[in-house]
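Residue numbering for the sequence shown follows the numbering used here, beginning at 53 and increasing consecutively. Encoded as structure tokens, the structure appears first; notes follow it.
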Amino acid sequence: MSLSYPVAERALKKWLVANLEHQISEDGEGHFIFRYEGSTCNNGGVPYRALLHAVISGVGESAKVEQAWIEIPEEERDAAALMCAFGGPGFFERLAEQADFVGESLEGVISKDVPQNFAGCFCGRPHVAQKWKIALSTMHYALSASQREP
53 MSLSYPVAER ALKKWLVANL EHQISEDGEG HFIFRYEGST CNNGGVPYRA
103 LLHAVISGVG ESAKVEQAWI EIPEEERDAA ALMCAFGGPG FFERLAEQAD
153 FVGESLEGVI SKDVPQNFAG CFCGRPHVAQ KWKIALSTMH YALSASQREP
């Protein structure tokens, strides 16, 4: 599969440097953390930070998402709790559950046609799916870049 990213390569290059941390273990499995700078969808758009974690095995077309979850750090929760969908402490725990695409190929998840919503919050499936597309595309780009290096 020749992957067509859902975002511009210029953005991926920027996010690779500014927003992505990753560690590759000796067995080739990588733990990636994408720092997402978002804002609430109401209350004037209060900013907060979220971490999108993914554990990925393999590279290229064989790369597979082994784990994926969203973390709202403790120090960001007061701001994130101002999202309209916030329904108490269970909101953060639901985000931290494994994503529904775990076990699928990385390229397949990125290529899925999902409803787009560019709001900065995590209030609904389209909002969450959009953040995952950004994060996973950046992770894939990082893996591809490492394969291109001599």
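Don't be surprised by glycine CBs; every beta carbon is placed ideally from N, CA and C. Note that the structure is a prediction, hence the values are computed from the model and not measured.
So is residue i buried or exposed if we call it buried at 16+ other beta carbons inside 10 Å?
i: Trp67; result: buried
i: Gln168; result: exposed
i: Lys183; result: buried
i: Ala70; result: exposed
i: Lys203; result: Nothing about residue 203 can be reported from this structure: the residues present for the chain run from 53 to 202 only.
i: Arg62; result: exposed
Using three-state DSSP, classify residue i as helix, strand or coil.
i: Pro141; result: coil
i: Gln182; result: helix
i: Tyr193; result: helix
i: Gly162; result: Note on residue identity: the sequence assigns Ile, not Gly, to residue 162. If DSSP states are grouped into helix, strand and coil, Ile162 belongs with the helices.
i: Glu123; result: strand
i: Leu68; result: helix
i: Pro202; result: Any reading at Pro202 must be qualified, since the residue scores a pLDDT of 46, below 50, and its modelled position is unreliable; no value is offered.
i: Met53; result: Annotation note: pLDDT 43 at Met53 (below 50); position unreliable, coordinate value reported separately. Coil at Met53, not helix or strand.
i: Ser77; result: coil
i: Leu103; result: strand
Between the Cα of residue i and those of the options, spot the shortest distance and give me the residue it belongs to.
i: Val107; options: Glu81, Lys185, Arg101; result: Glu81
i: Ala197; options: Ala187, Val111, Ala137; result: Val111
i: His192; options: Ser157, Pro178, Gly142; result: Ser157
i: Arg87; options: Asp79, Gly96, Trp121, Ile76; result: Trp121
i: Leu188; options: Pro178, Phe84, Gln75; result: Phe84
i: Glu24; options: Ser56, Ser109, Arg101, Arg62; result: Outside the shown range of the chain, which is 53 to 202, sits residue 24, and nothing can be said about it.
i: Ala137; options: Leu195, Leu55, Arg177; result: Arg177
i: Leu72; options: Leu55, His105, Arg146; result: His105
i: Ala194; options: Glu145, His74, Met135; result: His74
i: His179; options: Glu126, Gly96, Glu145, Met135; result: Met135
Using 8 Å as the threshold, is the C-beta distance between residue i and residue j below it?
i: Thr190; j: Leu64; result: yes
i: Ala131; j: Val98; result: yes
i: Ile162; j: Pro58; result: yes
i: Val166; j: Ala181; result: yes
i: Glu159; j: Glu128; result: no
Quick check: the region 143–156 against the region 112–119, are there 3 or more CB pairs under 8 Å? Put simply, the region 143–156 touches the region 112–119. At least three CB pairs are less than 8 Å apart.
Meets three-Cβ-pair contact criterion under 8 Å: the region 90–105 and the region 161–181: yes
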